[in-house]
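Under the numbering used here, think of the first position of the sequence shown as 5, with each following residue one higher.
Glycine included, C-beta positions come from ideal geometry on N, C-alpha and C.
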Amino acid sequence: MRQLLLALHHLHSNFVIHRDVKLSNILISSNGSIKLADFGLTRTFTEPGHAMTDGVVTLWYRAPELLFGASTYSEKIDMWAVGCIFGELLLNNPFLPGKTEQEQVNLMCELLGVPEPKSWPEMEALPGYSQLRLPASPKTSSLRELFKKETPNCVDLLSRLLIYNPANRISARDALLHPYFTDQPAMSCVRLLSTNMQLTRQKQEARAKRRWPNVEGSEKEKSRQPRNAASDRENLILEAKRIHKASIFD
5 MRQLLLALHH LHSNFVIHRD VKLSNILISS NGSIKLADFG LTRTFTEPGH AMTDGVVTLW
65 YRAPELLFGA STYSEKIDMW AVGCIFGELL LNNPFLPGKT EQEQVNLMCE LLGVPEPKSW
125 PEMEALPGYS QLRLPASPKT SSLRELFKKE TPNCVDLLSR LLIYNPANRI SARDALLHPY
185 FTDQPAMSCV RLLSTNMQLT RQKQEARAKR RWPNVEGSEK EKSRQPRNAA SDRENLILEA
245 KRIHKASIFD
């Protein structure tokens, strides 16, 4: 989470909105570091009030202002997506897996309570507000009940990421300063993550060798065969295209 927030803080500090933050756009390198990828929908927000399309961000991670059709929005849409990712990691399951915009609103309200104009005055003026039906209840959030096994700081950070009103939603900078990241047990450094990943990979390889003892021999046979230069060249071209497409921030 901290590495993802660092990447977004870097983007937002340079007036860039990612607009498609989701788990499948987060890459983990072999040394345990996080890379944020796929910048095809990024836009700058240097001009206040500049209109942009609301049809961005994968539905499960789409902020409420986008669901209600806002054409002017800020980097806070990325922070809502971070909240959805955080919830997904804690649950080890999809967090708000709506199939339609209406179902997404229903799931959102069921978990966080129905948004009220007094806490989000601009909501009723959004063009899509009248097109989506808000349920009558619940009025309060069930977030703490769902994550009752997590620490208070963990639930507090999650709730700040999932505030309806984007003006009150936590920024990447403030999220990095949240006490959740100083809770015990302390976070593992990237070096330790890398070591754990290597140990896990070694265990998986050892388990595979026990289950399929002949696989290694067949792989060695393949390695003795002459290499196909044309195939190698195609692989290099595909890899170059992938790297070019996925701009990645450390």
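- Message: By DSSP's criteria, V20 is part of a beta bridge. Which residues make up the other side?
- Response: Position 16 of the sequence shown, counted from the first residue, corresponds to residue 20. Answer is T48, bridged to V20.
- Task: Output yes if chain C places a C-beta closer than 8 Å to the C-beta of N97; else output no.
- Result: Given the protein chain composition of this structure (a single chain), no chain C is represented.
- Query: The alpha helix (DSSP H) spanning N157 covers which residue range?
  - Reply: What you label residue 157 is simply residue 153 of the sequence shown in a count that begins at 1. From DSSP, the alpha helix (DSSP H) with N157 extends over P156 to L165.
- Assigned secondary structure, E223 (DSSP; H/G/I helix, E/B strand, else coil): Position 219 of the sequence shown holds residue 223. Unreliable placement is indicated for E223, whose pLDDT of 48 sits below 50; no coordinate value is reported for it.
- Message: Between the stretch 126–134 and the stretch 175–183, can you find at least three pairs of beta-carbon atoms closer than 8 Å?
- Response: Touching, no, given that fewer than three Cβ pairs across the two stretches are closer than 8 Å.
- Task: Measure the C-alpha to C-alpha separation of D42 and L9 and round it to an integer number of angstroms.
- Result: Position 38 of the sequence shown holds residue 42. Position 5 of the sequence shown holds residue 9. Each residue's alpha carbon lies about 16 Å from the other.
- Item | When K213, Y77 and S134 are compared against V109, the one with the closest alpha-carbon | Within the sequence shown, numbered from 1, the residue matching residue 109 stands at position 105. Residue S134 is the option with its Cα nearest to V109.
- Task: Say yes only if the C-beta of L130 is nearer than 7 Å to one or more non-hydrogen atoms of the ligand SAH, and no if none qualify.
- Result: Absence of the ligand SAH from the depicted structure is noted, as is the absence of any ligand whatsoever, leaving it without description.
- Where the alpha helix (DSSP H) through I89 begins and ends: Looking up residue 89 in the sequence shown gives position 85. Note, I89: alpha helix (DSSP H), K80 to L95.
- Query: Given that a residue counts as buried once 16 or more other Cβ atoms are within 10 Å of its Cβ, and exposed if not, what is F99?
  - Reply: The count along the sequence shown starts at 1 and reaches residue 99 at position 95. By the neighbour-count rule (16 or more Cβ atoms within 10 Å), F99 is buried.
- Cut-off 6 Å between Cβ atoms - residues of its own chain near W84, not counting five sequence neighbours on either side: In the sequence shown, the residue the question calls residue 84 occupies position 80. Correct list, in chain order: A67.
- Who are the near neighbours of V118 in its chain, counting only those whose CB is closer than 8 Å to its CB and skipping five residues on each side? Locating residue 118 in the sequence shown gives position 114, counting from the first residue. Here the set comprises L138, P139, A140, S141, P142 and K143.
- Would you identify the three-state DSSP class for N110, choosing helix, strand or coil? Locating residue 110 in the sequence shown gives position 106, where the first residue counts as 1. Helix.
- Other residues of its chain near D58: CB distance less than 7 Å, five sequence neighbours each side excluded: Working through the sequence shown from its first residue, we reach residue 58 at position 54. The answer, listed in chain order, is L70, G73, A74 and S75.
- Task: Provide the residue span of the alpha helix (DSSP H) that contains P121, from first to last.
- Result: Here residue 121 corresponds to residue number 117 of the sequence shown, with the count starting at 1. Per DSSP, P121 belongs to no alpha helix (DSSP H) and is neither H nor E.
- Item | With 16 other Cβ atoms within 10 Å as the buried cut-off, status of A171 | For the purposes of this step, residue 171 is taken as residue 167 along the sequence shown, with counting starting at 1. Burial call: exposed.
- What do you get for S222, buried or exposed, if any count of 16 or more other CB atoms within 10 angstroms of its CB means buried? Within the sequence shown, numbered from 1, the residue matching residue 222 stands at position 218. Low local confidence applies: a pLDDT of 48 at S222 is under 50, so the model's placement there is unreliable, with the coordinate-based value given in what follows. Its Cβ having fewer than 16 others within 10 Å, S222 is exposed.
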